[in-house]
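Since the structure comes first, as structure tokens, the remarks are kept for the end.
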Amino acid sequence: MPLSMIAGLAVSLSFAQAAPVIEVHSDPHCGCCSDWVSHLEEAGFEVDHHRHDGVRAIKIEHGVTPELASCHTALVEGYVIEGHVPAADIQRLLEERPAIAGLAVPGMPHGSPGMETGRVDDYAVLGFTHDARPPAIFSEYLQP
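The sequence shown begins at -14 in the numbering used here and counts up one residue at a time.
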């Protein structure tokens, strides 16, 4: 087995052994939020899902601007996760630990985790800070 495969396996196993807890805040009536939570659990995350009417206050408290907003907000190991961010991007965030506030998928793009509607749109996962810097693309999901 090549060394790169062994290293990749070790990273995957260490992530699975120490699954971070993601605290998700969503509206009690949001179905796509529950679907996104299932996506995270399938990827090995432990999820503490809070369904309540105070999600907007959570967004404000954690610096999520209207331009970045989606239907749910999550917190994991000091980072903010806004919207339908794929689990793989959250795993990458936690492995690389960039100096950002968090990740966001603004809006509710079709085809993103939790928004599997049969239609698939292009979308970007944005890394954002709490200073004057504009969000930067962390990853993109483009259709052929």
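Every residue, glycine too, gets a C-beta built ideally from N, C-alpha and C.
If you're wondering where the values come from, they're calculated on a predicted model, not measured in any experiment.
Proximal residues to residue i (C-beta, below 7 Å), its chain only, five neighbours per side dropped
i: Phe108; result: This sequence places Tyr at residue 108; Phe is not what is there. The residues are Val90, Pro94, Ser97 and Tyr126.
i: Gln128; result: Val105 and Asp107
i: Thr58; result: His10, Val40, Ile43, Lys44, His47, Val49, Val65 and Glu67
Nearest-angstrom Cα separation, counted from residue j out to residue i
i: His37; j: Gly29; result: 24 Å
i: Pro86; j: Ala72; result: Inspection of the sequence shows that residue 86 is occupied by Ala rather than by Pro. Spanning the two alpha carbons is a distance of roughly 17 Å.
i: Gly16; j: Arg82; result: 30 Å
i: Val65; j: Val40; result: 13 Å
i: Glu8; j: His34; result: 6 Å
Coarse secondary structure for residue i, derived from DSSP in three states
i: Ala109; result: strand
i: Gly68; result: strand
i: Val22; result: helix
i: Ile33; result: Looking at the sequence provided, one finds Asp at residue 33 rather than Ile. Strand.
i: Val40; result: helix
i: Gly103; result: coil
i: Gly130; result: Here the chain has residues from -14 to 129 only, and residue 130 is not among them.
i: Glu52; result: coil
i: Gly87; result: strand
Sequence-distant residues of its chain with Cβ nearer than 6 Å to residue i (five each side left out)
i: Val70; result: Leu88, Val90 and Val110
i: His14; result: none
Distance CB(residue i)-CB(residue j) smaller than 8 Å
i: Gly99; j: Asp12; result: no
i: Leu53; j: Pro120; result: yes
i: Val6; j: Glu31; result: yes
Residue environment, residue i, which counts as buried when at least 16 other CB atoms sit within 10 Å
i: Gly112; result: buried
i: Gly68; result: buried
i: Ser115; result: According to the sequence as given, residue 115 is His; it is not Ser. Exposed: under 16 other Cβ atoms inside 10 Å.
i: Ile122; result: exposed
i: Ser55; result: buried
Residues near residue i by beta carbon distance below 8 Å, same chain, minus five either side
i: Arg118; result: none
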